[in-house]
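What follows is a set of notes on a single structure, which appears directly below.
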Amino acid sequence: MDHPPEKLNLSEHYQFQVTIENNGTHFIGDLSLSPTACTLTIRGDISKDRNHTFDIDKIDELTCSSFGATFILLGLSGFGARVQSITRHPTPVNHFEITYRISYVIHSRTIISSDTTYRGIEIESRDFAQWVGYTKTQDVIVEKYNNGTLFQFPSTPHTEVEQPVGNLGILHVAYRPSTHYSVDTFSMGLNFPPVLYLECEREVTAKQAITNVDELTMLFSFLLGRGPNLDTVRLIGTYGRMADITLYFPYNPSQTGATSYAWFPLGINLKFNQLGLPEFPPTSFSTYFELPDFERTYFKKYIKYRETQNPEERFLGFFRLLEKLCFQKETYLSEEKFSNLIKRSTPRLIRHFNDKKNVERIMGRMIDLNESKLNTTSCIARFIKKIPKNLRSAWIYDSSSIENICKLRNDLTHANEIEPEGIDIEQKAKFIEALLVIRLLSMIGISIEDGTRLVSRINRHVLIEKPPKIHYTTLSEK
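Residue numbering for the sequence shown is 1 to 478, as defined by the UniProt record's numbering.
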């Protein structure tokens, strides 16, 4: 490609010939970018007076350039290298090639470096339009365009969401209106797709920006019921939008378990509310990012298991997450009184048995025994009972089914000699998934009642729905 594009689109393939400066000299490279893999092959001749210092196993960061463009490559891991002798006399000359896989690529037609900081992130995806829906704001934009007031200065931002998010900044779901005109196609018009924009509270490094992009992608994978089809990810530099700085990385979302519709749409400011679903509260963005890191990983693991094709692995994965999220600790005896008794009794028992180590060990176990009143079955059954009866009555399973489901989990885990039917595993996996989704929604501020209404929209929920009742009437009954 002779002339690099203004921006990189994550669904496109690119091939660039680049140069890399290393050890006081330059080497040539082939940079290949695609949704499935990003690679860099560096090659050149080396001799006594010309050599390289590339680590063939791993490079954290590497800068290279092409005609009118700069690329910053992050997270390089070597997976192929070779050296070939060209001549041995009078001076040995060898030709080398090293190929790396790349995690992330930052591209711009302006000058950027590893020290460049960013004040915002903008993500474009056609799935955001489906998530936002048809809103009154869109009618306002069209009306302003028709009467010639849309592009006035200073312009008024058109947003659906403007939500402060923890220590990150302000998250916007906004429109970026632009016009297009083509002599070749005899067309002109207005474009205003919604974009996701994070206005950072403070300038961030490239690695911090990438972490935020990954987290936002993960959250929308949960809300959409599938991985969003990302088009462009822009990093907004300190000096604004003078030139596009775009982020590229291998991204090919799985379609296993995906829905064709937005599972939990925004539902705010709608022109027509045909679905009657609860609105997604913008404060849930803040709640999600304020969760500890280990709690946010539950969403990531859920998506991983949702995309798993093997039903047994999917069932076991969902069950492990639900078990962890429903865990409750309850004691047989008063924790305070029992601990005080253990504390007073331990010195006497040590004197009696003359064995401090084992006495302290067994007394510690007694404290643990006092806390083991609730097993997995009890914990999950308690959670089910929090769901309003009129909402859970549509399921073929209830709290009384959990003991049997736990037995299936144990049989599959320990490879017991059972052969459950495929449909039985699929149904139980879907039931556990439904409970897990309700629990995950509660972690970002969605009530159990609203979560239960939403969970009926997950893919293949029909597997756990009771069949409709059919009432037959005779002529005499009419």
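Glycine included, each C-beta is placed from N, C-alpha and C at the ideal position.
On the premise that residue 270 lies in contact with residue 251, defined as a C-beta separation below 8 Å, what is that separation, rounded to the nearest angstrom?
Taking the sequence shown and counting its residues from 1, the one referred to as residue 251 is at position 251. Taking the sequence shown and counting its residues from 1, the one referred to as residue 270 is at position 270. The beta carbons of residue 251 and residue 270 sit about 30 Å from each other, so the pair does not count as a contact at 8 Å.
Quick one, are the C-beta atoms of residue 77 and residue 101 less than 8 Å apart?
The residue labelled residue 77 in the question sits at position 77 within the sequence shown. The residue labelled residue 101 in the question sits at position 101 within the sequence shown. Going by C-beta atoms, residue 77 is nearer than 8 Å to residue 101.
Given a threshold of 16 other Cβ atoms within 10 Å of its Cβ, counted over all protein chains shown, does residue 438 qualify as buried or as exposed?
The residue labelled residue 438 in the question sits at position 438 within the sequence shown. Its Cβ being crowded by 16 or more others within 10 Å, residue 438 is buried.
According to DSSP, is residue 455 helix, strand or coil?
As a position in the sequence shown, residue 455 is number 455, starting the count at 1. DSSP places residue 455 in the helix class (H, G or I) of the three-state scheme.
Excluding five sequence neighbours on each side, which residues of the same chain lie with their C-beta closer than 6 Å to the C-beta of residue 31?
Mapped onto the sequence shown, residue 31 falls at position 31. Counting only Cβ-Cβ distances below 6 Å, and skipping sequence neighbours, we find 16, 18, 40.
I'd like the list of long-range same chain contacts for residue 266, defined as Cβ closer than 6 Å, with 5 residues on each side in sequence excluded.
Start at 1 with the first residue of the sequence shown, and residue 266 comes out as number 266. Take residue 266, set aside five residues on each side of it, and the residues of its chain with a beta-carbon closer than 6 Å to its own are 131, 132, 280, in chain order.
Where residue 371 sits in the DSSP three-state scheme
To locate residue 371, count along the sequence shown from 1; it is residue 371. Three-state DSSP puts residue 371 in coil, outside helix and strand.
Three-state secondary structure assigned by DSSP to residue 42:
Looking up residue 42 in the sequence shown gives position 42. Strand at residue 42.
Could you tell me the alpha carbon to alpha carbon distance between residue 216 and residue 145, rounded to whole angstroms?
Position 216 of the sequence shown, counting from 1, holds the residue named residue 216. Position 145 of the sequence shown, counting from 1, holds the residue named residue 145. Linking residue 216 to residue 145 through their CA atoms gives a straight-line distance of about 31 Å.
Residue 357: beta carbon under 7 Å from a heavy atom of the ligand ADP?
Among the ligands in the structure shown, none appear at all, so the ligand ADP cannot be discussed.
Alpha carbon to alpha carbon, how far is residue 410 from residue 403?
For the purposes of this step, residue 410 is identified with residue 410 of the sequence shown, where counting begins at 1. For the purposes of this step, residue 403 is identified with residue 403 of the sequence shown, where counting begins at 1. Taking the straight line from one Cα to the other gives about 11 Å.
N- and C-terminal bounds of the alpha helix (DSSP H) containing residue 318:
On the sequence shown, position 318 is the one that residue 318 refers to. Looking at the DSSP string, the run of the alpha helix (DSSP H) that includes residue 318 is 311-325.
Is DSSP giving residue 58 helix, strand or coil here?
Translated into positions along the sequence shown, residue 58 becomes position 58. Look at residue 58 here: in three-state DSSP terms it is strand.
Taking only three categories from DSSP, how would you classify residue 445?
If you number the sequence shown from 1, residue 445 lands on position 445. DSSP, read as helix, strand or coil, puts residue 445 in coil.
Distance, residue 91 Cα to residue 75 Cα
In the sequence shown, residue 75 corresponds to position 75, counting from 1. In the sequence shown, residue 91 corresponds to position 91, counting from 1. A straight-line Cα-Cα distance of about 35 Å links residue 75 and residue 91.
Taking all protein chains shown into account, decide if residue 161 is buried (16 or more other Cβ within 10 angstroms of its Cβ) or exposed.
To locate residue 161, count along the sequence shown from 1; it is residue 161. Looking at its Cβ environment, which holds 16 or more other Cβ atoms inside 10 Å, residue 161 is buried.
Taking the alpha carbon of residue 392 as the point to measure from, which residue in 432, 274, 366 has its own alpha carbon closest?
As a position in the sequence shown, residue 392 is number 392, starting the count at 1. It is 432.
How would you write the range of the beta strand (DSSP E) that residue 101 sits in, first residue to last?
The residue labelled residue 101 in the question sits at position 101 within the sequence shown. That run of the beta strand (DSSP E) goes 93-108.
For residue 417 and residue 406, what's the separation of their Cα atoms in angstroms?
Numbered from its first residue, the sequence shown carries residue 417 at position 417. Numbered from its first residue, the sequence shown carries residue 406 at position 406. Approximately 16 Å between the Cα atoms of the pair.
Residue 174 - partner residues in DSSP beta bridges
Along the sequence shown, read from residue 1 onward, the residue named residue 174 stands at position 174. Residue 174 pairs with 159, 195.
CA-to-CA distance, residue 381 to residue 247, given in whole angstroms
Counted from its first residue, the sequence shown places residue 247 at position 247. Counted from its first residue, the sequence shown places residue 381 at position 381. Between residue 247 and residue 381, the alpha-carbon positions lie close to 45 Å from each other.
Whole-angstrom distance between residue 243 and residue 1, CA atom to CA atom
Taking the sequence shown and counting its residues from 1, the one referred to as residue 1 is at position 1. Taking the sequence shown and counting its residues from 1, the one referred to as residue 243 is at position 243. The predicted model places residue 1 with a pLDDT of 48, which falls under 50 and marks its position as unreliable, so this point remains unresolved.
Three-state secondary structure (DSSP) of residue 1:
Residue 1 sits at position 1 when you count from the first residue of the sequence shown. Because residue 1 sits at a pLDDT of 48, beneath the cut-off of 50, its placement in the model cannot be relied upon, and the following sentence gives the value as read from the coordinates. Of the three classes helix, strand and coil, the one that applies to residue 1 here is coil, per DSSP.
Residues in its own chain within less than 7 Å of residue 346 by CB, not counting five upstream and five downstream?
Here the question's residue 346 lines up with position 346 in the sequence shown. Here the set comprises 359, 360, 363.
By the DSSP assignment, the alpha helix (DSSP H) with residue 289 in it spans what residues?
As a first step, residue 289 is located in the sequence shown; it is residue number 289 there, counting from the start. Residue 289 -> alpha helix (DSSP H) spans 283-290.
Could you give the distance in angstroms between the alpha-carbon of residue 192 and the alpha-carbon of residue 128?
As a first step, residue 192 is located in the sequence shown; it is residue number 192 there, counting from the start. As a first step, residue 128 is located in the sequence shown; it is residue number 128 there, counting from the start. Taking the straight line from one Cα to the other gives about 12 Å.
Helix or strand or just coil, what does DSSP make of residue 305?
Here the question's residue 305 lines up with position 305 in the sequence shown. Of the three classes helix, strand and coil, the one that applies to residue 305 here is helix, per DSSP.
State buried or exposed for residue 181, treating a residue as buried only when at least 16 other CB atoms are found within 10 Å of its CB.
Counting from one through the sequence shown, the residue named residue 181 turns up at place 181. The residue in question, residue 181, is exposed, as its Cβ has fewer than 16 Cβ neighbours within 10 Å.
Exposure label - residue 422; buried when at least 16 CB within 10 Å:
Counting from 1 along the sequence shown, the entry for residue 422 is found at position 422. Exposed is the label assigned to residue 422, since fewer than 16 other Cβ atoms lie within 10 Å of its Cβ.
Simplified DSSP state of residue 129, which is helix, strand or coil
Position 129 of the sequence shown holds residue 129. Residue 129: helix per DSSP, three-state reduction.
With distances taken from CA atoms, which of 233, 12, 447 is nearest residue 35?
The count along the sequence shown starts at 1 and reaches residue 35 at position 35. When the alpha-carbon of residue 35 is set against those of 233, 12, 447, the nearest one is in 12.
Using DSSP's beta-bridge definition, name the partner residues of residue 26.
On the sequence shown, residue 26 is found 26 positions in, with the first residue counted as 1. Looking at the DSSP assignment, residue 26 forms a beta bridge with 21.
Excluding sequence positions up to five away, which residues of its chain have a Cβ less than 6 Å from the Cβ of residue 257?
Numbered from 1 along the sequence shown, position 257 holds the residue referred to as residue 257. Cβ neighbours of residue 257 beyond the five flanking positions: 306, 307, 459.
Taking residue 409 as part of the alpha helix (DSSP H), name the residues at either end of that continuous run.
The sequence position of residue 409 within the sequence shown is 409, counting from 1. Per DSSP, residue 409 is one residue of the alpha helix (DSSP H) stretching across 402-413.
How many Å lie between residue 344 and residue 442 at the Cα?
For the purposes of this step, residue 344 is identified with residue 344 of the sequence shown, where counting begins at 1. For the purposes of this step, residue 442 is identified with residue 442 of the sequence shown, where counting begins at 1. The alpha-carbon atoms of residue 344 and residue 442 are separated by roughly 42 Å.
For a test of the three-state rule: what should DSSP assign to residue 66, helix, strand or coil?
Here residue 66 refers to the residue found at position 66 when the sequence shown is read from its first residue. In this structure, residue 66 counts as strand in the three-state DSSP scheme.
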